[in-house]
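Read in order, the letters of the sequence shown correspond to residues 35 to 478 in the working numbering. Structure first, then comments.
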Amino acid sequence: MICKISPNPSFPKRGIMECPKKHAIANQKGVSIVAVIATMLILSVMGVTLISLVTTGSDISINQLQSEKAFNVAEGGKEYILANRTFPNYSLTSATNLGAGNFTVATPTYLTGAVAAGNTTINVNSTSGFAAAPGRLVIDSEVMTYTAMTANTFTIAAATADHFNGNAVYPVTTLTADPGVAGTTLNVGSTTGFIVPGSVKIDNEYLYCTGSTAVAFIGCQRGYRASTPAAHGIGSNVFQYVITSTGIVGNAQRVVRFSADRIGGETVTDGDFPNLSKWNTEVITKSDGSSSLDGSIGNPANSLISQTTTCTGAACRGLWFQGYREQTLTFPIPSGANVTLRLDYSKSVNKTGGGSATDMSVVILYQGGGTATIWSDTVENTTAFTSITQTFVSANIITGIRLVYNLKNPSGPTGNDSQRKVWFDNVSLTSPGGPGCLTWQESY
């Protein structure tokens, strides 16, 4: 800074020093840089936030989609197991692929080793979900009381029947008081292992219960599924067959639990034959039985074909047969159940030769190879459609029902075998579990 001395009019001998005034230095470039940096920082934060929101939204959408797919897969597992397994053995020990994922189906537990009659130890996958000993369980249709348990075994007095490895095991509880015909509370030993809301079965009555405590089912609707309300004595078994289907797609997992406590299906009636079959052509068996054209697999013209035509009357009867053949109907039935078989048939038999033969018979096939004939017709005549109804109590698990049509003369040629025919129609099977269709399969 340079100052100068100017004369002072008031004091000639003194001068006045004058210096220029200081000016504030302003650097606008620095402020601009700060503003730019601040703006960029704000925009960066906003960008990161926006990207995070988009990514989170995408993850939520993907997870939601996978969850919905997993639920559909679990429902698919439910439909699969009911269609491909027989009551009550619904366990799958490994996952089954379906669509973009897979499902597993589990019962409360299952046998990890076969059980033979007389065995006192039952080996299972897990005893979790069963009431503490003593308690009851059911395998197939045999109810057992267990007196001790470990993580993977039950101790019982002795099994009375054989049970295959992998068969399902379900908990059973018992009534501690008779609910009468109108009671809405079921007092039981334990509700462990039962799902509520859900249906339970006592004797032949179904009940739908909306709540539970540790030792009672409450809010129960009597006579559920058109069953008849009845009194049930103390100690009566209470059943529920719980199945869990788990669907997995990606990281999503959905679980569906339901009760499968009845046999499904509908009774086949005249005009509705989706599950019946008939022979394609009328086949002739040689009377001496030395050779046969009775629907051999190698002869398509004589093979078994599906009958799906909707009609009524003799022109559309479900099955007809000539010669000799056995047909096996596979339809498991709980042990001890009262089972009714209805069979409508007509026949045209003109056996003129000697000897006799069982024209028709119904044979029950039991697990383990046992059989029992519950009905037969040996009369040589022609009848119009006739209905037979047979009720029997199964002593063991039924693996099938065999209809035997033996229409050839075992004692020699007669020349009339071509006139011997039997038609079967309206085949139905009913049990406390409900009616069911009988599906015909070839058996030699």
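Where a beta carbon is used, it is the ideal one built from N, C-alpha and C, also for glycine. Computed from a predicted structure; not experimentally measured.
Check: Once DSSP output is grouped into helix, strand and coil, what is the label at Val483?; Outcome: No statement about residue 483 is possible, as the shown extent of the chain runs from 35 to 478 and does not include it.
Check: On the three-state DSSP scale, how would you describe Val215?; Outcome: coil
Check: Would you identify the three-state DSSP class for Thr187, choosing helix, strand or coil?; Outcome: strand
Check: DSSP state of Thr344, grouped into three classes?; Outcome: At Thr344 the pLDDT is 33, less than 50, meaning the model places this residue with poor confidence and gives no usable figure here.
Check: Quick check on the burial criterion: 16 or more other C-beta atoms within 10 angstroms. Buried or exposed for Gly133?; Outcome: exposed
Check: With three or more beta-carbon pairs closer than 8 Å as the criterion, would you say the segment 178-188 touches the segment 216-233?; Outcome: no
Check: Per DSSP, what are the beta-bridge partners of Met80 in this structure?; Outcome: Looking at the DSSP assignment, Met80 forms no beta bridge with any residue, so it has no partner.
Check: Alpha carbon to alpha carbon, how far is Asp237 from Arg288? Give it in angstroms, no decimals.; Outcome: 34 Å
Check: Identify the continuous beta strand (DSSP E) that holds Phe273 and give its terminal residues.; Outcome: 271-273
Check: Compute the Euclidean distance between the alpha carbons of Gly152 and His197, then round it to the nearest angstrom.; Outcome: 11 Å
Check: Assign Thr161 to buried or exposed, taking buried as 16 or more other Cβ atoms, counted over all protein chains shown, within 10 Å of its Cβ.; Outcome: buried
Check: With contact counted as at least three CB pairs below 8 Å, one residue from each stretch, are the segment 274-282 and the segment 112-127 in contact?; Outcome: yes
Check: Roughly how many angstroms lie between the CA atoms of Pro168 and Thr179, to the nearest whole one?; Outcome: 7 Å
Check: Let me make sure I understand the geometry here. Which of Ile96, Gly147, Ala166 has the alpha-carbon closest to that of Asn159?; Outcome: Gly147
Check: Could you tell me how far apart the beta carbons of Gly111 and Phe137 are, in whole angstroms, since I believe they sit closer than 8 Å?; Outcome: 3 Å
Check: Cutting at 8 Å between CB atoms, please list the residues of its own chain near Glu109, excluding the five before and the five after it.; Outcome: Ser279, Gly281, Val290
Check: Grouping DSSP H, G and I as helix and E and B as strand, with all else coil, what is Ser128?; Outcome: coil
Check: Do Gly81 and Tyr511 come within 8 Å of each other at the CB atom, strictly closer than that value?; Outcome: Nothing about residue 511 can be read from this structure; the chain reaches only from 35 to 478.
Check: Do Val289 and the ligand FMN come close, with the Cβ less than 7 Å from some heavy atom?; Outcome: Absence of the ligand FMN from the depicted structure is noted, as is the absence of any ligand whatsoever, leaving it without description.
Check: Alpha carbon to alpha carbon, what distance is there between Ala260 and Gly217?; Outcome: 17 Å
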